[in-house]
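Here the working numbering runs 77 ahead of the position in the sequence shown, where the first position is 1.
Ideal Cβ positions, reconstructed from N, Cα and C, are used throughout, including at glycine.
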Amino acid sequence: MFSETSHDFRTVGRGASAEYHFEFRNPYREDIRIASVRTSCGCTTPTVLKKELATGETSAVVAKLNTQTHIGDKSATITVVFDRPRYAEVQLKVRGYIRTDITFSPPEVNFGEIAPGEEKRQQILVTHAGQSAWEIRDVRSLCGDLAVTLDAPERTPSGVRYRMTVMAKESMPEGDLRERLTLVTNDPHFPAIDMSVVGRVRPSLEVSPASLGLGTVRAGQSSERRLLIRAETPFKIVKVESADPRFEFEVPTAVSKLQFVRVKFQADDRVGNAAVPIKIETDLGNGKRTECLATVTIEP
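Structure follows, in structure tokens:
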């Protein structure tokens, strides 16, 4: 259900933003529901993005390390309690070390929303209090679509300060951005410190909602909903399809940046839960596509 059950924040600065998304998916035919989440330590605050999931839907438990109010080596166990379709518990573990002598301003690199193909920059002030000989030797990331430059350090008797510019390149892929930068330093005891990078590259073609719930219908009855498809430039919908013949679609013929598709599910005598991808093809470059997951429960 959960793709990961543990996360190491490694070393972070005091007041820095430190969050991790424990993503999970409902693999069952029945709906699932999270009744509660609790943590073993106040150093970590857990929240749930979406508590009730139909078949195939996804959500996340977000673990936030409270770097403003805690320092030093911290660890916590997050217990996720499910009450549907049956009682179950899952434990998620996090740890991290919060330093008091290093701060970031602002506390994270937050690009906000980025247009497709746009370059975006943000400047961060990295301050080390105490040793004026402290030095950033390198900045690393597993994301090749980020670029970092450092200005010359400003040294004073009380510490050292760096101005760091982080750029999201034009090649940054669409969707949510959740990465981290690792600052490699000359500190022999704590040679590396991490900071988070967040944002979202707005898709050039997007369907809403990404998960379409058609509710519960009885055999022989129907349910209707509407999809919104949005693009950066005017487009035409070429085709809407699914592998389940019980789905019917009313497709507009106009060219527009916003399109509405009416989705109808006509139940037959088959009962149970269904989770079916709906695929939408457009006349944008190379027949650009998007899709959403439709879920429905059929009762006798």
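Contact annotation, Tyr-174 with Val-203: C-beta distance approximately 17 Å; criterion of less than 8 Å not satisfied. In its chain, beyond the 5 residues on either side, Ala-245, Lys-246, Ser-248, Met-249, Pro-250 have a beta carbon closer than 8 Å to the beta carbon of Asp-222.
Taking 8 Å as the upper bound for CB-CB distance, Cys-369 and Ala-308 are not in contact here, some 15 Å apart. His-266 sits exposed, since fewer than 16 C-beta atoms from the chains shown fall within 10 Å of its C-beta. Of the residues Val-171, Ile-191, Leu-130, the one whose Cα lies closest to the Cα of Leu-289 is Leu-130. For the 7 Å CB-CB criterion, Val-171 and His-84 form a contact. Per DSSP, the beta bridge partners of Gly-252 are Val-278. Ranked by how close their Cα comes to the Cα of Ala-206, the residues Ser-235, Gly-297, Gln-336 have Ser-235 in first place. When DSSP states are grouped into helix, strand and coil, Asn-350 belongs to the strand group. Taking 7 Å as the cut-off, the Cβ atoms of Thr-180 and Ile-148 do not count as close. By the 16-neighbour rule on beta-carbons within 10 angstroms, Lys-151 is buried. Taken through DSSP and simplified to helix, strand or coil, Gly-194 comes out as coil.
With contact defined as three or more Cβ pairs closer than 8 Å, the segment 297-304 and the segment 334-343 are in contact. Put simply, the backbone Cα of Glu-358 is about 32 Å away from that of Val-138. The beta carbon of Arg-323 sits closer than 7 Å to those of Phe-342, Gln-343, Ala-344, Asp-345, all from its chain and outside the five residues before and after it, given in chain order.
For Gly-133, the number of other beta carbons within 10 angstroms of its own is at least 16, and it is reported as buried. Beta-bridge partners assigned by DSSP to Leu-291: none are found.
Taking each of Arg-217, Ala-210, Val-225, Glu-318 in turn and checking the Cα distance to Gln-199, the smallest one comes out for Val-225. Contact annotation: Val-328 and Ile-314 have beta-carbon atoms nearer than 7 Å. Judged by DSSP in its simplified three-state form, Asn-143 adopts coil rather than helix or strand.
Exposure of Pro-377 is indicated by the presence of fewer than 16 other C-beta atoms within 10 angstroms of its C-beta. Taking the Cβ atoms as the reference, Val-167 lies roughly 20 Å from Phe-86, outside the contact range of under 8 Å. Arg-102 has its alpha-carbon roughly 4 Å from the corresponding atom of Thr-135. Per DSSP, the unbroken beta strand (DSSP E) holding Phe-312 starts and ends at 299-312. Inter-segment contact for the segment 158-165 and the segment 97-112 is present: three or more beta-carbon pairs are separated by less than 8 Å. The beta carbons of Thr-124 and Val-89 sit about 19 Å from each other, so the pair does not count as a contact at 8 Å. For the options Cys-120, Ala-229, Ile-213, Glu-256, the alpha carbon positioned closest to that of Val-186 is the one of Glu-256. Under the three-state reduction of DSSP output, Asn-263 falls in the coil class, being neither helix nor strand. Taking 7 Å as the cut-off, the Cβ atoms of Thr-82 and Leu-169 count as close. Residues Ser-319, Glu-368, Leu-370 of the same chain have their beta carbon placed closer than 7 Å to that of Pro-354, with the five preceding and five following residues left out of the count.
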